[in-house]
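In our numbering, the protein residues as written are 6 to 159.
Glycine residues also receive a C-beta, built at the ideal position from the N, C-alpha and C atoms.
The structure appears below as structure tokens.
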Amino acid sequence: MTDKLHARACSVNTRSKVHAKKGPCAIAPGMSSEIIQRLAEVIAADPRSKRQISMAAGLGQNYVQQILSGERDPTITRVAAVLNVLGSASILYVISGVKIGPEEEEFLRVALMLPPDLRRDAMSLLKSIAEREAQQSQQADRTVTSDEMHQEDQ
């Protein structure tokens with residue numbers, strides 16, 4: 006299910022900060038319940054209170070509580086402000102559902118610092134390594150299966 010956003014452009018820079026271009030980039034009435042649920046998870050895992058997160062985001066002191074309780078339909082710009090306070094790994098998880106740890110986050114940060122041509126080269130290298138690992142894993146699985154069959158024959 007996709008929610009329709011009446012949007013101006015939004016962008017995410019290489020430091021994983023979300024920015025609206027001149028004013029609110031979208032209003033998201035009935036924002037996806039999955040996004041709100043993931044936002045609630047990230048907020049619950051943060052050591053700060055909802056009030057502290059709201060204030061750090063430059064929003065009213067009860068804004069996060071009002072989003073989570075359904076009292077407010079947040080704008081993308083305001084959700085972005087909350088996510089920026091929670092950190093880049095949280096941004097990725099809340100928006101996409103993909104969880105990453107500190108090591109993966111550092112990996113992405115380093116990759117984003119590379120010029121586009123080097124990024125493509127690095128991607129090709131990583132894909133070839135992953136393919137080789139997958140092939141070796143399949144060969145190991147076939148060897149184990151073959152060994153098991155020989156043991157059963159005996």
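Quick check on the burial criterion: 16 or more other C-beta atoms within 10 angstroms. Buried or exposed for residue i?
i             : result
alanine 86    : buried
threonine 148 : exposed
arginine 114  : exposed
arginine 137  : exposed
In angstroms with no decimal places, state the Cα-to-Cα distance between residue i and residue j.
i                 : j              : result
arginine 43       : glycine 106    : 16 Å
leucine 91        : glutamine 144  : 43 Å
serine 93         : glutamine 141  : 34 Å
arginine 124      : glycine 63     : 35 Å
aspartate 126     : proline 52     : 40 Å
lysine 55         : isoleucine 81  : 18 Å
arginine 77       : asparagine 89  : 19 Å
lysine 119        : methionine 128 : It should be noted that the sequence gives leucine, not lysine, for residue 119. Near 11 Å, if we compare the C-alpha coordinates of methionine 128 and leucine 119.
glutamate 109     : methionine 60  : 29 Å
leucine 117       : serine 37      : 28 Å
phenylalanine 112 : valine 103     : 15 Å
proline 29        : proline 79     : No answer about proline 29 holds up, because its pLDDT of 40 lies below 50 and its placement is not dependable.
asparagine 67     : serine 101     : 25 Å
alanine 139       : aspartate 122  : 26 Å
Going by DSSP, which residues form a beta bridge with residue i?
i             : result
threonine 148 : Answer is none; threonine 148 lacks a bridge partner.
Contact check, residue i vs residue j under 8 Å by CB: the rounded distance?
i             : j             : result
isoleucine 58 : valine 99     : Their Cβ separation, rounded to whole angstroms, is 13 Å, which puts isoleucine 58 and valine 99 out of contact at 8 Å.
valine 69     : isoleucine 48 : 6 Å
leucine 73    : alanine 50    : About 14 Å; that fails the 8 Å criterion.
Which of the three DSSP states is assigned to residue i in this structure?
i             : result
valine 103    : coil
asparagine 67 : coil
leucine 123   : helix
arginine 53   : coil
serine 37     : coil
alanine 116   : helix
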